[in-house]
Amino acid sequence: MSNPSILKKLDLYLDQYYEKSIEASKHLRFCFSEKVGKTQIRNLENAAYTAMRFSSIINFIKNQMGKDSQDKPTWTKKLASGVMLGDYLLTQLDEIRQHADTLAGSNADNSLEYRLYLVRGWARQVSTNYFYLLVSGG
Amino acid sequence: MDAIDNFIQSQEFLSLADSYLYETAINKVDEYFSRLETIPPELSRPAKRNQVKGLQLSSRTCTLFGLKKMASNQLGKAIKRLKDPKNDKSGDTLFWSMVRDLIGNNSTDQFSLTALAKELLERKNNFPETKNEQQKAMARMIEALAIIFFEHFCCHYYLKTQRLPISN
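One line per chain: the protein sequences are H and Y, in this order. Positions 11 to 148 (the numbering used here) are the ones given, in order, by the first sequence. Positions 10 to 177 (the numbering used here) are the ones given, in order, by the second sequence.
Following this line, the structure appears as structure tokens:
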């Protein structure tokens, strides 16, 4: 990321998005047992860090949702709003994607770079707070 | 072949994978589930997830020829499973005929990985001169597209089946 003004805009957006990331981590805490949650959230974080494409993270969530059993749902567990956890996260990712695309304009290369920067920041916020919730009993 | 490998690793290719291929794969899965609603309910069960998993794995490991062969074999088996000669369509036959067409069909106005690979090679002036080299380049490009396309396709399929009232 070579352009400092864009970097600032992306970081500012991540700061503004922080409250939503915290909400996501609370939902993850609600849907996963401690043991399973630790692994799943680390896997999500790893998927975000190693992804070459933004869609890899979306596919990771869809794949996990597809694997869920109906007896013990986790990624497909319904939140108080009636929305499945996975769908809730996919909506957040869509917001992030749209913001990255708006900043990039018609430059597809920049769009990919901004998407990945934002999704990694988002994953960091979500997982950090998730693990904080675990130790703080939240 | 180096030029093709460089293109496959380029930002341009990754962007294509993230946008056009992603949207097309999702639309194809959604179209499939819409088409299921047009056939008799007793035949409209979507293809099983383990078959779709097989497709995803094959797209990662098989050659273009192997992938085509797999789709044709699965379609043949699905047709044999049809018991009523009046009904020539089921969830399985629709699925595998769609997959076969997605890899390569003769229609120029329909999306296929073969048509897209050809277009990309021509656009990038990467089309080799000899027929043998052309075939190798096409196969390399289609295989690269297929891995990503079917990742999008299969993951969206898993999600769609999870949302069905009774998932299979």
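All C-beta atoms in this analysis are idealised placements derived from N, C-alpha and C, irrespective of residue type, glycine included.
Asked                                                                                                                                                                : Found
Whose CA, out of Thr170(Y), Gln171(Y), Met147(Y) and Ile157(Y), lies closest to the CA of Ile6(Y)?                                                                   : Residue 6(Y) lies beyond the residue range present for chain Y, which begins at 10 and ends at 177; the question has no answer from this structure.
Applying a beta-carbon distance threshold of less than 7 Å, which residues of chain H neighbour Glu46(Y)?                                                            : Within chain H, no residue comes near Glu46(Y); the closest Cβ sits about 21 Å away, beyond 7 Å.
So, for Ser99(Y): in the same chain, excluding its five sequence neighbours on each side, which residues have a beta-carbon less than 8 Å away from its beta-carbon? : Ile48, Leu52, Ser53, Arg54, Ala87, Arg90 and Leu91
Tell me which residue opens and which closes the alpha helix (DSSP H) that Gly92(H) is part of.                                                                      : Looking at the DSSP string, Gly92(H) is not in any alpha helix (DSSP H), and its letter there is neither H nor E.
Let's test the definition: count the other Cβ atoms within 10 Å of the Cβ of Ala110(H) and tell me whether it reaches 16, buried, or not, exposed.                   : buried
Closer than 8 Å, CB to CB, is Thr170(Y) near chain A or not?                                                                                                         : Considering every chain present, this structure includes no chain A. Its protein chains are H and Y.
Fully enclosed by the region 75-105 of chain Y, which beta strand (DSSP E) runs are 3 residues long or longer?                                                       : none
Is it the case that the CB of Lys92(Y) approaches a heavy atom of the ligand GTP more closely than 7 Å?                                                              : By its list of ligands, the structure shown contains no ligand whatsoever, and the ligand GTP lies outside what it can speak to.
Would Lys37(Y) be called buried (16 or more neighbouring beta carbons within 10 Å of its own) or exposed?                                                            : buried
Please determine, among Asn69(H), Phe42(H) and Ile67(H), the residue with the shortest C-alpha to C-alpha distance to Lys82(H).                                      : Phe42(H)
DSSP three-state label for Lys133(Y), please.                                                                                                                        : coil
Helix or strand or just coil, what does DSSP make of Ala26(Y)?                                                                                                       : helix
Output the distance between the C-alpha atoms of Leu113(H) and Asp39(Y), rounded to the nearest integer angstrom.                                                    : 29 Å
At which residue ranges does the region 123-172 of chain Y contain complete alpha helix (DSSP H) runs of 4 or more residues, listed in the order of the chain?       : 140-172
How about Asn13(H): is its C-beta nearer than 8 Å to some C-beta of chain Y?                                                                                         : no
Closer than 7 Å between beta carbons: that is the criterion. Which residues of the region 139-154 of chain Y meet it against chain H?                                : none
By how many angstroms is the C-alpha of Gln26(H) removed from the C-alpha of His161(Y)?                                                                              : 30 Å
Could you say which of Leu22(H), Val136(H) and Gly148(H) lies nearest to Arg52(H) if we only look at CA atoms?                                                       : Val136(H)
Please classify Tyr166(Y) as buried or exposed, where buried requires at least 16 other C-beta atoms within 10 Å of its C-beta.                                      : buried
If you draw a straight line from the C-alpha of Ser43(Y) to the C-alpha of Lys62(Y), how long is it?                                                                 : 21 Å
Can we say the region 17-31 of chain Y touches the region 64-82 of chain Y, given the rule of at least three CB pairs closer than 8 Å?                               : no
The alpha helix (DSSP H) with Asp11(Y) in it runs from where to where?                                                                                               : Asp11 to Ile17
Taking only beta carbons into account, state which residues of the region 41-73 of chain H come closer than 9 Å to chain Y, listed in chain order.                   : Met62, Arg63, Phe64, Ser65, Ser66, Ile68, Asn69, Phe70, Ile71, Lys72 and Asn73
Leaving out five residues on either side along the sequence, give the residues of the same chain with a beta carbon under 7 Å from the beta carbon of Asn120(H).     : Ala114
Taking Glu1(H) as part of the alpha helix (DSSP H), name the residues at either end of that continuous run.                                                          : For residue 1(H) there is no data in the structure shown, the boundaries of chain H being 11 and 148.
In chain Y, which residues lie with their C-beta within 8 Å of the C-beta of Leu122(H)?                                                                              : Gln20, Leu23, Ser24 and Asp27
Assuming contact is defined by CB atoms lying nearer than 8 Å, are Ala57(H) and Arg130(H) in contact in what I supplied?                                             : no
Going by alpha carbons, who is nearest to Glu32(Y) out of Ser146(H), Glu55(H) and Asn69(H)?                                                                          : Asn69(H)
In its own chain, which residues sit with a C-beta less than 8 Å from the C-beta of Ile106(H), not counting the 5 before and 5 after it?                             : Tyr27, Arg125, Leu128, Val129 and Trp132
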